[in-house]
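K.L.:
Heads up, our numbering is the position in the sequence shown plus 155, with the first residue counted as 1.
Yeah, the Cβ is synthetic: ideal placement off N, Cα and C, and Gly gets one too.
These numbers were taken from a predicted model, which means no experiment stands behind them.
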Amino acid sequence: MPSKIYLYGTVGYDIDASYVRMALDEASDGDLELRINSGGGDVFEGQAIYSLLESWKTTTGNRVIVYIDGIAASVASVIAMAGSEIQMSSNALMMIHNPWTPAAVGGADDLRDLANVLDKIRETIVTVYETRSGIDRDAIGLMMDEETWFTAAEAVNFGFADQIVNASEETVASIKAFNYVNAPDWIRAVEPIDKAAAEPVAVRRSIAKAKLAAERCCNKTSKN
């Protein structure tokens, strides 16, 4: 049976690269099942997770099978592109857009530097989408400019996913923390859910185990 990693919630808050790294270290031999239900989050954490998954595939020779249970928006869609195979629930959504930051503070020079950084991040994301879908970079850029939302069928048609599977019963992750302009009205109305109540017990135990391992690893006291 393949190992499973659940990427449910906000990248960089509910999910981070350290957790994924430890989960990959604990993964059993064979393929990995990666289940995504995320409205996005921190782009750097997301890129780190994508790189970890790509490295794991190369090192182990195994596959990452991605299942999009509810939503893979923004950097969560970038993470999904690490899948050797990407399956979307028939009621799931995917969204791609340009990177942005809510923390734009500073003088004119600072903001110009920040804009340059965002442009560079954009190019790396375009490359990820281009590699996975085979779509021309300029076309992908236009889709990102427009904040494009894909149904499962559309994602498969454009090469961002491979297969449509049965509808998921998972509640779509809330996007209220994000300022998405083209999101469907029904998904805007999804309220954040209590994390402790929503996560399967096995997943909570997995995260707790990973955090405990990190504490034991990094907070050891030396004995004289």
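Considering only the beta carbon of each residue, do Tyr222 and Val320 sit closer than 9 Å?
P.N.:
Contact: yes.
K.L.:
Can you list the alpha helix (DSSP H) stretches of 4 or more residues lying completely in the region 199-274, in chain order?
P.N.:
Segments of the alpha helix (DSSP H) lying fully in the region 199-274: 230-235.
K.L.:
Opposite Asn192 in the DSSP bridges: which residues?
P.N.:
DSSP lists Tyr163 as partners of Asn192.
K.L.:
By how many angstroms is the C-alpha of Ala263 removed from the C-alpha of Ile170?
P.N.:
Looking at the two C-alpha atoms, the distance is approximately 33 Å.
K.L.:
On the DSSP letters alone, give me the boundaries of the beta strand (DSSP E) that Ile319 sits inside.
P.N.:
Its beta strand (DSSP E) spans residues 318-320.
K.L.:
Where does Ser158 sit, in a helix, a strand or coil, going by DSSP?
P.N.:
Looking at Ser158 - three-state DSSP - the assignment turns out to be strand.
K.L.:
Run the CB neighbour count on Ala178, radius 10 Å, all protein chains shown included, and call it buried at 16 or more, exposed below.
P.N.:
With 16 or more other Cβ atoms within 10 Å, it is buried.
K.L.:
In or out: Ala294 buried (at least 16 other Cβ within 10 Å) or exposed?
P.N.:
Classification for Ala294: exposed.
K.L.:
If we count Cβ pairs, one from each stretch, closer than 8 Å, do we get three or more for the region 261-276 versus the region 242-251?
P.N.:
No, the region 261-276 does not touch the region 242-251.
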